[in-house]
Amino acid sequence: MEFKNKVVLVTGGSSGLGFAIAKAFALQGATLIITGRRQPQLDEAVSRLGGNSSAVCTDISNTTDLAELFSHMQAVHGHIDVLIANAGIGVIEPLGAITEAGFDKVFTTNVKGTIFTVQGALPLMSKVSSIVIIGSTASINPGPGLSVYGATKAALRALVRSWILDIKGSGVRINLLSPGPVNTQSLRDVLGENAQEVIDGLSEKSTLGRIGEAREIGQAALFLASDASSYVNGTELFADGGASQI
Numbered sequence: 489m490e491f492k493n494k495v496v497l498v499t500g501g502s503s504g505l506g507f508a509i510a511k512a513f514a515l516q517g518a519t520l521i522i523t524g525r526r527q528p529q530l531d532e533a534v535s536r537l538g539g540n541s542s543a544v545c546t547d548i549s550n551t552t553d554l555a556e557l558f559s560h561m562q563a564v565h566g567h568i569d570v571l572i573a574n575a576g577i578g579v580i581e582p583l584g585a586i587t588e589a590g591f592d593k594v595f596t597t598n599v600k601g602t603i604f605t606v607q608g609a610l611p612l613m614s615k616v617s618s619i620v621i622i623g624s625t626a627s628i629n630p631g632p633g634l635s636v637y638g639a640t641k642a643a644l645r646a647l648v649r650s651w652i653l654d655i656k657g658s659g660v661r662i663n664l665l666s667p668g669p670v671n672t673q674s675l676r677d678v679l680g681e682n683a684q685e686v687i688d689g690l691s692e693k694s695t696l697g698r699i700g701e702a703r704e705i706g707q708a709a710l711f712l713a714s715d716a717s718s719y720v721n722g723t724e725l726f727a728d729g730g731a732s733q734i
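Residue numbers (our numbering): 489 to 734.
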């Protein structure tokens, strides 16, 4: 699972899971490009990633931004070996309190943004390229207040199942990596003052007795993107300690 001389694009790579995934590729020698919406955070992430890494400020919900991103990729790198479509957002809005603004924000980023990220990357990919889309176990078990977010992640599963037929014979593989709860600062921020109590409850649901660590999701992404999974296509890999299987 080495990626020396491979061009790897990670969207939403400046923090959280995206940064952990980007770090995993950087450690394997990738020519790494990360995106995000905030330049200062991107600059900090690149300095921490080191190696052959760079950043392009991009909002994936904006098709003009995406067009500029792929023009940059074409001009600077000429191709893309691996796309990690990680960028996404979530809001907690229970039924009865779902807002049109919240719905539009989550679907525009998570679904529309992912669609046009993948579609924009494809012309720069070859027969041995790989796409890994970051989903979530919320697609099958969203929990209270996460119905809209879970629906976007379920939509990604449907997209992948159709897309592998659309590009049949191209050699490009598309897989979905769906993490369960992962110990990141963003998760703790969302959970607020009850974070540890909720994390303890989530840990009990896992057959491993804990929630995931960000580096573990990075390792799973490496596998799906690498030649080690060369006959794996259109699958959804759950990385959740077994919670979704019971």
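Note that CB positions come from ideal geometry on N, CA and C, so glycine has one too.
State the beta-bridge partners of residue i as determined by DSSP.
{"i": "N598", "result": "Partner(s): none; N598 has no beta bridge."}
{"i": "E724", "result": "L664"}
{"i": "V670", "result": "G700"}
{"i": "I572", "result": "V498 and V620"}
{"i": "I521", "result": "L497 and S542"}
Under 8 angstroms, do residue i and residue j count as touching if we go by C-beta distance?
{"i": "A709", "j": "L665", "result": "yes"}
{"i": "T523", "j": "A543", "result": "yes"}
{"i": "I674", "j": "S503", "result": "Note that residue 674 is Ser in the sequence shown here, rather than Ile. Against a cut-off of 8 angstroms, the Cβ pair of S503 and S674 comes out as a contact."}
{"i": "V606", "j": "A573", "result": "yes"}
{"i": "I548", "j": "G601", "result": "yes"}
{"i": "A702", "j": "A508", "result": "yes"}
{"i": "A609", "j": "I568", "result": "yes"}
{"i": "V620", "j": "L712", "result": "yes"}
{"i": "E724", "j": "G566", "result": "no"}
{"i": "N682", "j": "G722", "result": "no"}
{"i": "A727", "j": "P630", "result": "no"}
{"i": "G729", "j": "G700", "result": "yes"}
{"i": "L537", "j": "A514", "result": "yes"}
{"i": "Q516", "j": "E490", "result": "yes"}
{"i": "V594", "j": "I580", "result": "no"}
{"i": "T672", "j": "L554", "result": "no"}
{"i": "L583", "j": "S618", "result": "no"}
Would you mind working out which of the options sits nearest residue i, comparing C-alpha positions?
{"i": "R661", "options": "L634, L675 and S717", "result": "S717"}
{"i": "L570", "options": "L647, K641, T552 and A510", "result": "A quick correction: the sequence has Val, not Leu, at residue 570. Among L647, K641, T552 and A510, the Cα nearest to that of V570 is on A510."}
{"i": "M613", "options": "V495, E490 and G538", "result": "V495"}
{"i": "Y637", "options": "V599, G706 and H565", "result": "V599"}
{"i": "V534", "options": "V498, H560, P611 and I621", "result": "V498"}
{"i": "I603", "options": "K492, G517 and A575", "result": "A575"}
{"i": "G500", "options": "L557, N493 and N540", "result": "L557"}
{"i": "P669", "options": "G657, C545, G689 and S559", "result": "G689"}
{"i": "T597", "options": "V564, K641, S691 and E692", "result": "K641"}
{"i": "G659", "options": "T587, F591 and V720", "result": "V720"}
{"i": "A585", "options": "H560, P632 and T551", "result": "P632"}
{"i": "M561", "options": "P582, N550 and I521", "result": "I521"}
{"i": "P611", "options": "S559, I734, V686 and A643", "result": "S559"}
{"i": "V564", "options": "T551, A646, Q733 and S541", "result": "S541"}
Inset, instruction - Enumerate, from N- to C-terminal direction, the unbroken alpha helix (DSSP H) stretches of 4 or more residues contained entirely within the stretch 607-660. - result: 635-654
Inset, instruction - Flag this pair as touching only if the stretch 689-704 and the stretch 639-651 have three or more C-beta atom pairs under 8 angstroms; answer yes or no. - result: no
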